[in-house]
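Per the working numbering, the sequence shown starts with residue 72, numbered consecutively.
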Amino acid sequence: MTVEEEYRARYQSGDILWDVGRADYNLIEVVTQKPIPGCKALDIGCGTGDNSIWLARNGFEVTGTDTSEMALAKAAEKASNAHVPCDFRRVDFLKNAVEGAPFGFVFDRGCFHSFVSEKDRRRLAHNVAAHLLDAGLWLTLVGNADEPRRGPGPPQRTAGQIVSAVEPYFEILSLQSSTFESNRPNPPRAWRCLMQKRQVI
Ligand SMILES: C[S@@+](CC[C@H](N)C(=O)[O-])C[C@H]1O[C@@H](n2cnc3c(N)ncnc32)[C@H](O)[C@@H]1O
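Right, here's the structure in full:
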């Protein structure tokens, strides 16, 4: 099964533990504490849109992309109910460009970590850089391989795997051990990695 097929099947069956119904606190902290001023933002693998909607409510002009039509339909419904403008599009980010580039800020929660091969993770990092303004920022939230796996949870990656994929294109501003926003009593551990596009790549 491809990554796309796997996610589609999970949205169809409702097996979507990551979909907590609100924006992730890591996004909120980074945007408000750095701070990252409002700009054109891209949410890759936006799922049902809670992070996109938070960004749109907080001064960003947001495009959200995903490969799952079901997730995108839900995202559009949530944005409409919340009366916030978000542009949701079906785009496979490994294969196709997203209209509206360049963006000032890219966010992904659980898209980068979905790819098992180094080649795909590097391609995703390359594509993020290609969609960003010079010195644009990318915040990724990634399952953390330092957590012993007990039961279901996000794909897990090591700090080294993140660095190896992103470093050719990005300067790493911070790479922190964190947890995902979660409805579970023990939220899964995450890496929170904020990067800036290199001037020359
Ligand atoms: C773990 S889910 C997270 C969804 C959302 N970011 C959230 O936090 O609720 C990962 C998402 O990435 C999407 N995805 C996977 N591969 C993708 C690709 N190549 N292009 C765009 N989206 C992709 C999946 O369909 C899924 O919605």
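Where is the CB? At the ideal position from N, CA and C, for every residue including glycine.
Just so you know, these numbers come straight off a predicted model, no measurement behind them.
**OP:** Could you tell me which uninterrupted beta strand (DSSP E) segments, each at least 3 residues in length, are contained entirely in the region 158 to 220, listed from first to last along the chain?
**Re:** With a minimum length of 3 residues, the continuous beta strand (DSSP E) runs that stay inside the region 158 to 220 are 174 to 180 and 203 to 214.
Original post:
Just to confirm, are VAL155 and ARG180 a CB contact at a threshold of 7 Å?
Top reply: Result no, Cβ atoms of VAL155 and ARG180 do not sit closer than 7 Å.
Original post:
Within this structure, are the beta carbons of ILE124 and ALA80 separated by less than 7 Å?
Top reply: no
**OP:** Could you tell me which uninterrupted alpha helix (DSSP H) segments, each at least 4 residues in length, are contained entirely in the region 224 to 265, listed from first to last along the chain?
**Re:** Here the runs fully enclosed are 230 to 237.
**OP:** Would you identify the three-state DSSP class for GLN104, choosing helix, strand or coil?
**Re:** helix
**OP:** Flag PRO225 as yes if its beta-carbon sits less than 7 Å from any beta-carbon of chain D, otherwise no.
**Re:** In summary, chain D is missing from the structure at hand, where a single protein chain is found.
**OP:** Could you work out which residue in ARG263, ARG220 and PHE183 is closest to ASP163 when comparing CA atoms only?
**Re:** Nearest to ASP163 by C-alpha distance, out of ARG263, ARG220 and PHE183, is PHE183.
Original post:
The beta strand (DSSP E) spanning ASP121 covers which residue range?
Top reply: For ASP121, there is no enclosing beta strand (DSSP E); the residue is part of the alpha helix (DSSP H) that begins and ends at 121 to 128.
**OP:** Please name the residue, chosen from ARG93, PRO108, SER235 and ASN198, that lies closest to THR119 on a Cα-to-Cα basis.
**Re:** ARG93
Original post:
Name the DSSP bridge partner or partners of LEU113?
Top reply: THR134 and VAL177
**OP:** Using 6 Å as the cut-off, classify the Cβ of VAL169 as near or not near the heavy atoms of ligand 1, replying yes or no.
**Re:** no
Subject >> PRO225 versus ALA206, PRO259, ARG192 and ALA200, residue with shortest Cα-Cα distance >> reply: PRO259
Subject >> DSSP state of GLN83 mapped onto helix, strand, coil >> reply: helix
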